[in-house]
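Colleague: Sharing a structure here in structure tokens format.
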Amino acid sequence: MLERSIFAQPMYPSQPNRSATDKERPLDRALEKSETVKETVEQSAQELLVINAVLKQEIPEHVQTGDVAQALQKSDELEGLIQDSAEELAQVNEALVQEIGEREDLERELARTKAALAEAQSQTPTP
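For the sequence shown, the numbering used here assigns the number 14 to the initial residue and increments by one for each residue that follows.
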């Protein structure tokens, strides 16, 4: 029988802390959501791994035929797909972090340019 301890972690992991201003930007919200989904997918893959191991250990080999064997095989395949999805989400998150950093750099550059333009305009005499 499966022990409760393998399911002790919450199904939806806590979200990373971000400031209120970060949560207002769409890319930051997307990254936060994607990180939460990635954690859930990783946890699901781990739980499925444990379930598969227990099933294979507890179901006698002579019973692991026909539909039971196909179900165990499909479960193994699903475990691999879930793990692959978690890895892909990690790559998406890395791309989002990079994009957010580039946008922040551009926003700072734009603010500096606007400030320089305002300064230049204030020093230009009006005819």
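Using N, Cα and C, we set each Cβ at its ideal position, and we do this for glycine too.
#1: Measure the Cβ-Cβ separation of Glu92 and Ala43 and say whether it is below 8 Å.
#2: Taking the beta carbon of Lys51 as the centre, do at least 16 other beta carbons fall within 10 Å, making it buried, or is it exposed?
#3: Using the three-state DSSP reduction, which class does Ile72 fall into: helix, strand or coil?
#4: Could you tell me which uninterrupted alpha helix (DSSP H) segments, each at least 4 residues in length, are contained entirely in the region 55-139, listed from first to last along the chain?
#5: When the Cα of Ala99 is compared with those of Gln56, Arg38, Asp41, Glu45, which residue comes out closest?
#6: Could you tell me how far apart the beta carbons of Leu123 and Leu40 are, in whole angstroms, since I believe they sit closer than 8 Å?
#7: Pick from Leu68, Ala131, Thr137: whose alpha carbon is nearest that of Ala82?
#8: In this structure, how does DSSP classify Arg38 when only helix, strand and coil are distinguished?
#9: Just the C-alpha distance for Arg31 and Glu132, rounded to the nearest angstrom, thanks.
Modeller: Based on what the coordinates show:
#1: no
#2: buried
#3: coil
#4: 79-136
#5: Gln56
#6: With a Cβ gap of about 16 Å, Leu123 and Leu40 do not count as contacting.
#7: Leu68
#8: coil
#9: Note on Arg31: pLDDT 47, under 50, position unreliable in the model; the coordinate value appears next. Straight-line Cα distance between these residues: approximately 34 Å.
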